[in-house]
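Inspection log for the structure reproduced underneath, given as structure tokens.
Residue numbers (our numbering): 218 to 460.
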């Protein structure tokens with residue numbers, strides 16, 4: 218039997234025992250900020266797919282770009298434009314692919330520029346300046362993470378955040394047997410992917426590269442420290458990780 222009275226009593230007992238846990242609900246601003254980052258993510262996926270199609274077409278017809286050279290630079294585009302084929306219609310296909318890559322690339326650049334212009338209006342903009350101090354995280358990555366996660370100070374510890382993102386090992390045990398497996402992959406996949414991609418930067422020792430200098434110039438003069446963070450924490454953590 219299920220009635221409103223029985224449901225109310227059940228909820229009251231659960232509240233009395235402290236069983237229910239609080240759920241974070243994003244506000245209207247938070248939900249609105251997710252749309253630009255997700256739209257840009259869609260455009261980037263489309264750009265990658267179109268580039269793969271162009272690469273496959275060129276390779277299928279016996280043309281090879283040197284593996285030691287960077288792709289999608291002006292030199293690479295000049296090389297693509299100079300390719301010749303035995304049949305004229307193949308040249309038409311090549312040009313269509315090149316145009317498609319440039320069009321979707323322009324859309325990515327446009328939405329990125331627009332996101333940078335509206336960023337100062339966001340209530341979490343100071344937090345973005347704090348996150349880009351970390352290696353591997355630029356403004357776009359920080360906007361994706363904060364757009365999907367909200368204020369990360371709601372997590373009591375890094376362990377709780379990693380569990381929320383599905384980056385902790387799974388475990389299946391019974392009795393004395395303990396069996397651990399791959400990461401759980403629960404939670405927000407977009408935030409998890411962004412964080413994992415950013416973490417790859419820690420493969421290398423910390424150096425003051427031109428890229429980091431540009432990041433420093435993009436940040437505000439007085440970035441806000443993360444909740445519970447002290448000055449020097451980032452340097453100490455980097456030293457422990459990379460030596």
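Note that beta-carbon positions come from the ideal geometry of N, C-alpha and C, so glycine has one too.
Sequence-distant residues of its chain with Cβ nearer than 8 Å to residue i (five each side left out)
| i | result |
| --- | --- |
| residue 225 | none |
| residue 402 | 383 and 409 |
| residue 179 | Any answer about residue 179 is impossible in this case: the structure gives the chain only from 218 up to 460. |
| residue 390 | 396 |
| residue 261 | 325 |
| residue 296 | 282 |
| residue 256 | 328 |
Residue environment, residue i, which counts as buried when at least 16 other CB atoms sit within 10 Å
| i | result |
| --- | --- |
| residue 335 | exposed |
| residue 333 | exposed |
| residue 364 | buried |
| residue 458 | The predicted model places residue 458 with a pLDDT of 48, which falls under 50 and marks its position as unreliable, so this point remains unresolved. |
| residue 427 | exposed |
| residue 420 | exposed |
| residue 371 | exposed |
| residue 298 | exposed |
| residue 247 | buried |
| residue 388 | exposed |
| residue 264 | buried |
| residue 218 | exposed |
| residue 351 | buried |
Same chain, Cβ closer than 7 Å to residue i, neighbours up to 5 away in sequence not counted
| i | result |
| --- | --- |
| residue 416 | 353 |
| residue 339 | 250 |
Chain-order list of residues whose beta-carbon lies under 6 Å from that of residue i (same chain, five-residue window excluded)
| i | result |
| --- | --- |
| residue 342 | 336 |
| residue 230 | none |
| residue 542 | A question about residue 542 goes unanswered here, because the residues of the chain that appear run from 218 up to 460. |
Rounded distance between the beta-carbons of residue j and residue i, thought under 8 Å
| i | j | result |
| --- | --- | --- |
| residue 328 | residue 253 | 7 Å |
| residue 271 | residue 318 | 6 Å |
Flag this pair as touching only if the stretch 238 to 248 and the stretch 268 to 280 have three or more C-beta atom pairs under 8 Å; answer yes or no. no
The stretch 292 to 312 in contact with the stretch 320 to 334 per 3-pair CB rule at 8 Å: Two segments are said to touch when three or more pairs of C-beta atoms, one from each, lie closer than 8 Å; by this definition the stretch 292 to 312 does not touch the stretch 320 to 334.
3 or more residues per run - each beta strand (DSSP E) lying fully within the stretch 262 to 342: Qualifying beta strand (DSSP E) stretches: none in this window.
What are the start and end residues of each continuous beta strand (DSSP E) run of 3 or more residues lying completely inside the stretch 335 to 408, in chain order? 386 to 391 and 394 to 400
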